[in-house]
Amino acid sequence: MSITNSIPSLISANNLTCIREDRILFESLDIEINAGDIVQIEGPNGVGKTSLLRILAGLSEPFEGKVYFDNKLINRNRELFHQNLLYLGHLPGVKGEMSAQENLAFNLALHGLDFETAEQTLQEVNLLGFEDALASHLSAGQHRRIALARLWQSKAPIWILDEPFTAIDKLGVKKLEKLFLQHVKQGGCVILTTHQDLSLPDEQVKKIVLTYQF
Amino acid sequence: MVINNTLSYRSAFTLIIKRDLTIAFRHRDDILNPIIFFIIVVTLFPLGIGPESSTLSRIAPGIIWVAALLSTLLSLDRLFKSDHNDGSLEQMLLSPHPVFILMLAKIVAHWLVTGLPLIFIAPVLAVLLHLNENSYGALMLTLLLGTPVLSLLGAIGVALTVGIQKGGVLLSLLVLPLYIPVLIFATSAIDTSAMNLSYSGQLAIIAALFFGSLTLAPFAVSAALKVSTN
Chain A
1 MSITNSIPSL ISANNLTCIR EDRILFESLD IEINAGDIVQ IEGPNGVGKT
51 SLLRILAGLS EPFEGKVYFD NKLINRNREL FHQNLLYLGH LPGVKGEMSA
101 QENLAFNLAL HGLDFETAEQ TLQEVNLLGF EDALASHLSA GQHRRIALAR
151 LWQSKAPIWI LDEPFTAIDK LGVKKLEKLF LQHVKQGGCV ILTTHQDLSL
201 PDEQVKKIVL TYQF
Chain B
1 MVINNTLSYR SAFTLIIKRD LTIAFRHRDD ILNPIIFFII VVTLFPLGIG
51 PESSTLSRIA PGIIWVAALL STLLSLDRLF KSDHNDGSLE QMLLSPHPVF
101 ILMLAKIVAH WLVTGLPLIF IAPVLAVLLH LNENSYGALM LTLLLGTPVL
151 SLLGAIGVAL TVGIQKGGVL LSLLVLPLYI PVLIFATSAI DTSAMNLSYS
201 GQLAIIAALF FGSLTLAPFA VSAALKVSTN
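Residue numbers (this note's numbering), protein chains in the order written: chain A, 1 to 214; chain B, 1 to 230.
This is the structure in structure tokens:
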């Protein structure tokens, strides 16, 4: 544990610069995210929201800058960082050859969670009755629900979610927002991108706005 | 609330093998395609060259090994491509387990569905090619040690090209030169055995290639995947 700050930030980034296709997406970006934060990253298409999330998750290397978890560099403490991270990209990572339940059980086990509870967890995302159906027979929204089901079991404090509401119906969005509030109350943080308006209270949501750089 | 649990590497390894085998058996085309390719290529040679046993037995080791090599190449694309396209590769790279363990498991699963069946079929096809009867032991041993090398080295090539849309040609160019030592020593071992000489030297070199790639390839694969997904 660190004693440098009175409230240690869960994840912080220092002087981030990202360059894609010879274009600067963002430059000298400093981010500090504490326990209890819901951070929404805003900006038009192609402005670098996904790139920023991938850098924070350690999937991409920034052109310049560093990302810290618990005041330690993330690539020096890969195993520890990944135990505390849940990242869902815009691809759901669901295999068509496996059933909904098998997909979820694998995802849970891969991240060191209890995979016995897969069937009950599917109930949370309204997929009960589909647990034995092969994922290739399910819709895009249902694929995303299988991926999102992990949120209900996850103990990781840092959630990084890239467009989590894509293809999810209104009721599902409500349920997810409730889950986010519950998660941050327990000392976690949520970093997400979405083009939909969140119906969360304004004081709960911090915004990072990215704009085109010329 | 920082979580720091100890994780079992063995359970991660078996988890991935089980998953990949389940997917392979539900998607049988992927298993059958390379095997049928192997059988067709080998059976076409006697038809094209003629049934003369002296010619056929002379070229049998080369035919079987070249066919094994090409059928492995044919199946390699599947190793990471579908996982990359649906996002599950990302999730594996972000799991708390060391990536090289997961990748080793994927390679082992790939060998179990593509390399292992070749070892069972090869002696049957060798009969078609009038392989010298002293050579069957050498054929089986070289395939047993050599096909894992093909999967391990091939995985490095696939990992490097997985991010490229049309990486097929590049993959062959990258991987085939690396396969040549295996091909040379395996066919030489089989030829030597036909003359009733000891082929332990060639076998030792293939074994060295096997253990070298077994220990190093998983690290190369995980490094290559990090570059490809960047």
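By construction, the Cβ of each residue, glycine as well, lies at the ideal position given by its N, Cα and C atoms.
9 angstroms Cβ cutoff, residue i in contact with chain A
{"i": "residue 228 of chain B", "result": "no"}
{"i": "residue 87 of chain B", "result": "yes"}
{"i": "residue 61 of chain B", "result": "no"}
{"i": "residue 200 of chain B", "result": "no"}
{"i": "residue 236 of chain B", "result": "Any property of residue 236 of chain B remains undetermined from this structure, which presents chain B solely from 1 to 230."}
{"i": "residue 11 of chain B", "result": "yes"}
{"i": "residue 100 of chain B", "result": "no"}
{"i": "residue 103 of chain B", "result": "no"}
{"i": "residue 82 of chain B", "result": "yes"}
{"i": "residue 218 of chain B", "result": "no"}
{"i": "residue 97 of chain B", "result": "yes"}
{"i": "residue 7 of chain B", "result": "yes"}
Residue i vs residue j beta-carbon contact at 9 angstroms
{"i": "residue 79 of chain A", "j": "residue 97 of chain B", "result": "yes"}
{"i": "residue 33 of chain A", "j": "residue 51 of chain A", "result": "no"}
{"i": "residue 158 of chain A", "j": "residue 41 of chain A", "result": "no"}
{"i": "residue 39 of chain A", "j": "residue 189 of chain A", "result": "yes"}
{"i": "residue 61 of chain B", "j": "residue 191 of chain B", "result": "yes"}
{"i": "residue 143 of chain A", "j": "residue 92 of chain A", "result": "yes"}
{"i": "residue 189 of chain B", "j": "residue 142 of chain B", "result": "yes"}
{"i": "residue 110 of chain A", "j": "residue 12 of chain B", "result": "yes"}
{"i": "residue 159 of chain B", "j": "residue 225 of chain B", "result": "yes"}
{"i": "residue 148 of chain A", "j": "residue 88 of chain A", "result": "yes"}
{"i": "residue 38 of chain B", "j": "residue 121 of chain B", "result": "yes"}
{"i": "residue 155 of chain B", "j": "residue 217 of chain B", "result": "yes"}
{"i": "residue 105 of chain B", "j": "residue 14 of chain B", "result": "yes"}
{"i": "residue 104 of chain A", "j": "residue 121 of chain A", "result": "yes"}
{"i": "residue 7 of chain B", "j": "residue 83 of chain A", "result": "yes"}
{"i": "residue 27 of chain B", "j": "residue 102 of chain A", "result": "no"}
{"i": "residue 118 of chain B", "j": "residue 43 of chain B", "result": "no"}
Distance between beta carbons of residue j and residue i, contact taken as under 8 angstroms
{"i": "residue 59 of chain A", "j": "residue 94 of chain B", "result": "7 angstroms"}
{"i": "residue 9 of chain B", "j": "residue 107 of chain B", "result": "That pair is no contact at about 15 angstroms."}
{"i": "residue 141 of chain A", "j": "residue 167 of chain A", "result": "4 angstroms"}
{"i": "residue 150 of chain A", "j": "residue 107 of chain A", "result": "5 angstroms"}
Interface flag, residue i vs chain B, CB-CB below 9 angstroms
{"i": "residue 57 of chain A", "result": "yes"}
{"i": "residue 3 of chain A", "result": "Note that residue 3 of chain A has pLDDT 44, beneath the 50 cutoff, so the model's placement of it is unreliable and the number below is only indicative. By this cut-off, residue 3 of chain A is not an interface position."}
{"i": "residue 34 of chain A", "result": "no"}
{"i": "residue 138 of chain A", "result": "no"}
{"i": "residue 104 of chain A", "result": "no"}
{"i": "residue 13 of chain A", "result": "no"}
{"i": "residue 148 of chain A", "result": "no"}
{"i": "residue 211 of chain A", "result": "no"}
{"i": "residue 156 of chain A", "result": "yes"}
{"i": "residue 161 of chain A", "result": "no"}
{"i": "residue 95 of chain A", "result": "yes"}
{"i": "residue 164 of chain A", "result": "no"}
{"i": "residue 228 of chain A", "result": "Because chain A here runs from 1 to 214, residue 228 of chain A falls outside it and cannot be looked at."}
{"i": "residue 198 of chain A", "result": "no"}
{"i": "residue 100 of chain A", "result": "no"}
{"i": "residue 109 of chain A", "result": "yes"}
Three-state secondary structure (DSSP) of residue i
{"i": "residue 28 of chain A", "result": "strand"}
{"i": "residue 192 of chain B", "result": "helix"}
{"i": "residue 212 of chain A", "result": "coil"}
{"i": "residue 206 of chain A", "result": "strand"}
{"i": "residue 68 of chain A", "result": "strand"}
{"i": "residue 220 of chain B", "result": "helix"}
{"i": "residue 197 of chain A", "result": "coil"}
{"i": "residue 76 of chain A", "result": "coil"}
{"i": "residue 86 of chain B", "result": "helix"}
{"i": "residue 168 of chain A", "result": "coil"}
{"i": "residue 124 of chain A", "result": "helix"}
{"i": "residue 95 of chain B", "result": "coil"}
{"i": "residue 215 of chain A", "result": "What the structure shows of chain A is the stretch from 1 to 214, and residue 215 of chain A is not part of that stretch, so it cannot be assessed."}
{"i": "residue 86 of chain A", "result": "strand"}
{"i": "residue 61 of chain A", "result": "coil"}
{"i": "residue 165 of chain B", "result": "coil"}
{"i": "residue 261 of chain B", "result": "The structure shown has nothing for residue 261 of chain B, since chain B only spans 1 to 230."}
{"i": "residue 3 of chain A", "result": "Interpretation of residue 3 of chain A is limited by its pLDDT of 44, a score under 50 that renders its predicted location unreliable; the figure taken from the coordinates is listed afterwards. Three-state result, residue 3 of chain A: coil."}
{"i": "residue 208 of chain B", "result": "helix"}
{"i": "residue 33 of chain A", "result": "strand"}
{"i": "residue 16 of chain B", "result": "helix"}
Residue i Cβ short of 8 angstroms to the ligand MG heavy atom set
{"i": "residue 147 of chain A", "result": "Inclusion of the ligand MG in the displayed structure is not the case, the ligand content being empty and no account of it being possible."}
Between the segment 23-44 of chain B and chain A, which residues of the former have a C-beta closer than 7 angstroms to a C-beta of the latter?
23, 26, 27
Output, in sequence order along the chain, the residues in the segment 144-172 of chain B whose CB is closer than 7 angstroms to any CB in chain A.
Listed in chain order, the positions of the segment 144-172 of chain B with a beta carbon within less than 7 angstroms of a beta carbon of chain A would be empty, since no residue qualifies.
Taking only beta carbons into account, state which residues of the segment 66-88 of chain A come closer than 9 angstroms to chain B, listed in chain order.
69, 70, 78, 79, 80, 81, 82, 83, 84, 85, 86, 87, 88
Return the residues of the segment 38-64 of chain A that lie within a Cβ-Cβ distance of less than 7 angstroms from chain B, sorted by chain order.
57, 59, 60, 61
Could you name the residues of the segment 112-134 of chain A whose beta carbon sits closer than 7 angstroms to any beta carbon of chain B, in the order they occur along the chain?
112
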